[in-house]
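Residue numbers (the working numbering), protein chains in the order written: chain A, 11 to 323; chain B, 11 to 323. To start, the structure itself, in structure tokens.
Number of protein chains: 2
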Amino acid sequence: MPPYRIAVIGIGKIARDEHLPSIARDPRFTLAGVVSGSGASVPGVPTFREAAALYAAVPDLDAVAICTPPGPRTALVREALAAGVHVLMEKPPTPTVGELRDLAAVAERAKRVVFTTWHSQYNAAVEAMRARLAGQKLGRLAITWKEDVRRWHPGQDWIWQSAGFGVFDPGINALSILTRIMPEPVFVDSATLLTPANRAMPIAATIAFTSPALAPGGTLTAEFDWRQTGEQTWEIAADLAGGTALRLTGGGTTLSVDGTVVEDAPRHEYDRIYARFADLLAAGTSLVDMAPFELVADAFMVGRREAVEPFLD
Amino acid sequence: MPPYRIAVIGIGKIARDEHLPSIARDPRFTLAGVVSGSGASVPGVPTFREAAALYAAVPDLDAVAICTPPGPRTALVREALAAGVHVLMEKPPTPTVGELRDLAAVAERAKRVVFTTWHSQYNAAVEAMRARLAGQKLGRLAITWKEDVRRWHPGQDWIWQSAGFGVFDPGINALSILTRIMPEPVFVDSATLLTPANRAMPIAATIAFTSPALAPGGTLTAEFDWRQTGEQTWEIAADLAGGTALRLTGGGTTLSVDGTVVEDAPRHEYDRIYARFADLLAAGTSLVDMAPFELVADAFMVGRREAVEPFLD
């Protein structure tokens with residue numbers, strides 16, 4: 011029972027900016043340790059180089075939050091479940107869809123909670139848009155997710171490698187909002203992936219989707235681009251078949267309806283994530299949401315590649 | 011109860027070569043109709059241009075077998091479930107992984123059976139190899155799947171398009187055997203996809219996998235190639251950590267152990283598929299096996315593309 015003793019594995023930017031502050035603010039959690047392969051430490055908290063040392067030194071640990079890049083996450087989750095602790099996973103949860111489905115099964119056998127966080131789902135405006143789309147048919151939904159990779163991922167070489175997903179790293183945030191707000195499932199119909207000649211992963215992509223929620227002749231599209239300098243855009247615009255125009259902007263923080271702002275709250279994603287995790291722990295229930303990740307894999311599978319000019323960081 | 015009244019949707023090569031003969035041989039099925047958009051017909055059986063006409067004209071239909079190319083399959087399965095009939099699906103079941111997971115949910119809600127057939131799983135030698143791998147660690151497993159696309163897919167342009175999967179169309183047969191025989195799950199670690207400059211889908215691929223079933227230092231690889239003239243190879247070779255050498259050849263029909271053939275039966279894939287379908291119908295249980303398809307999507311997602319010379323049919 012609370013407070014749950016939690017450790018954070020992987021002390022990088024997302025752990026310091028979001029996880030540690032949200033854990034500190036939530037009375038249902040207490041930070042019992044951190045694990046950092048590079049030796050980063052947090053004042054007043056036991057620090058370990060490897061997760062195995064954490065599990066040996068803190069035997070009454072309840073849970074870990076895994077904030078490393080996705081590459082080693084599968085092994086870290088298996089190790090955590092074997093050590094008997096519950097697991098919260100940063101996005102994207104694993105390098106592959108197959109590993110994620112398997113982890114759900116492993117967690118079930120271990121009778122431990124696994125929680126795949128898709129942080130962009132946890133804003134009030136996202137829930138407000140979901141409520142407005144419930145039971146509706148859509149004439150058009152367009153995702154525009156355009157940002158400057160040099161500004162948001164300076165020198166992060168891993169995002170260009172296999173489990174980094176390229177522009178789908180931010181793009182999956184948009185897709186996780188999409189699967190949360192849509193009243194029916196969404197499937198990839200076609201995609202074009204623009205890939206720099208010197209990189210394995212795409213720098214831009216366009217995707218066309220199908221959904222039973224589309225009105226006849228309706229369209230559902232996404233445009234991701236990492237080459238956007240100047241104004242940055244993270245927006246989902248939807249026209250209901252009845253005529254209402256919805257616009258979710260600021261990466262899911264602001265909702266306007268026919269031009270009038272109806273919801274505009276500051277980002278509280280990670281506070282809501284830890285509140286949800288505490289609820290899941292209390293209920294003993296896992297939440298493994300595969301839908302955003304499947305859309306990414308499907309876009310890569312059906313997508314047509316086009317080579318574009320080399321990207322130099 | 012048997013005999014189940016079944017119709018075949020999509021009267022192409024696979025329906026004529028395999029499905030119709032196996033249905034004719036199985037006393038638990040009787041052919042009640044066929045649907046062919048191109049107007050192909052089967053003597054003595056009602057033929058329809060569209061599935062809707064089938065459901066209107068044959069109201070006591072129990073099931074359909076969907077043998078069209080994958081593009082329209084999702085809509086056909088939804089239509090069949092809405093019409094209240096059970097569904098057998100040729101491989102690959104849907105154009106995307108997301109659609110397959112959704113169809114499983116739709117079938118559950120409709121209380122109808124959906125059966126994703128991966129035909130290469132249904133040979134006696136595959137079951138024999140599965141039995142020999144049970145509980146074992148592997149030092150090496152190597153899939154070699156090399157065939158001449160001009161010989162096996164003459165003029166089939168759809169295999170080069172999005173839902174055709176290129177060389178993964180035969181490759182998924184190997185992967186479906188792999189997921190059937192392995193004692194533990196298998197995940198994609200890395201992949202290289204060789205794609206002709208004038209095509210969207212790969213003509214060859216190499217994949218490296220991980221698995222908890224590998225011994226330390228063990229390797230699990232696949233090599234798919236559609237440019238193989240002369241001898242055609244569909245083989246899975248495995249060395250147990252204890253030293254035994256297993257070789258599954260002929261696309262899963264022959265198993266040898268340390269050089270001695272221990273199982274060599276003619277292909278009876280589709281007879282076994284229909285026997286299994288009848289069992290599933292009797293039990294009211296779906297079988298939606300996503301593992302082979304997830305491996306394909308994951309290989310496309312993590313894979314590095316290399317352009318190769320244009321392919322002209």
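Every residue gets a Cβ at the ideal spot worked out from N, C-alpha and C, and that includes glycine.
Those residues which DSSP pairs with residue 200 (chain B) across a bridge: B:218
Kindly indicate which residue of B:138, B:56 and B:242 has the alpha-carbon position closest to the one of residue 160 (chain B). B:242
Compare the C-beta of residue 321 (chain B) against all C-beta atoms of chain A and say whether one is closer than 8 Å. no
Contact criterion: CB-CB distance below 8 Å. Does residue 311 (chain A) meet it with respect to chain B? yes
Tell me the start and end of each unbroken alpha helix (DSSP H) in the segment 118-183 of chain B that is at least 4 residues and wholly inside, in chain order. 134-143 and 159-162
Within 8 Å (strictly less), CB to CB, does residue 229 (chain A) reach chain B? no
Segment limits, beta strand (DSSP E) that includes residue 44 (chain A): 39-45
Quick check: is the beta carbon of residue 134 (chain A) nearer than 8 Å to any beta carbon in chain B? no
Is residue 223 (chain A) helix, strand or coil by DSSP? coil
Give, in chain order, every residue of the segment 101-118 of chain B whose Cβ lies closer than 8 Å to some Cβ of chain A. 105, 106, 107, 108, 109, 111 and 112
Measure from the alpha carbon of residue 181 (chain B) to the alpha carbon of each residue in B:192, B:212, B:36 and B:47, then state which is nearest. B:212
Min CB distance residue 305 (chain B) to chain A below 8 Å: yes
Which first and last residues belong to the beta strand (DSSP E) in which residue 270 (chain A) is found? 270-274
Contact list for residue 308 (chain A) against chain B, beta-carbon separation under 7 Å: 106, 107, 108 and 307
Can you name the start and end residues of the alpha helix (DSSP H) that residue 32 (chain A) belongs to? 30-35
For residue 222 (chain B), the nearest candidate out of A:88, A:67 and A:28 (CA to CA): A:88
State the DSSP-derived secondary structure class of residue 189 (chain A), mapped to helix, strand or coil. helix
Span of the beta strand (DSSP E) holding residue 21 (chain B)? Here residue 21 (chain B) belongs to no beta strand (DSSP E), and DSSP marks it neither H nor E.
Compile a chain-ordered list of the residues in the segment 208-226 of chain B whose CB is closer than 7 Å to at least one CB of chain A. 210
Chain B contact for residue 195 (chain A) (CB, 8 Å cutoff): yes
Can you give me the start and stop residues for the alpha helix (DSSP H) that residue 64 (chain B) sits inside? 61-67
Considering only DSSP beta bridges, list what residue 296 (chain B) is partnered with. None, per the DSSP bridge assignment.
For residue 16 (chain A), which beta-bridge partners are listed by DSSP? A:41 and A:73
Return helix, strand or coil for residue 283 (chain B), following the three-state DSSP convention. helix
Using CA atoms only, rank isn't needed, just tell me which of B:265, B:154, B:102 and B:210 is closest to residue 231 (chain B). B:154
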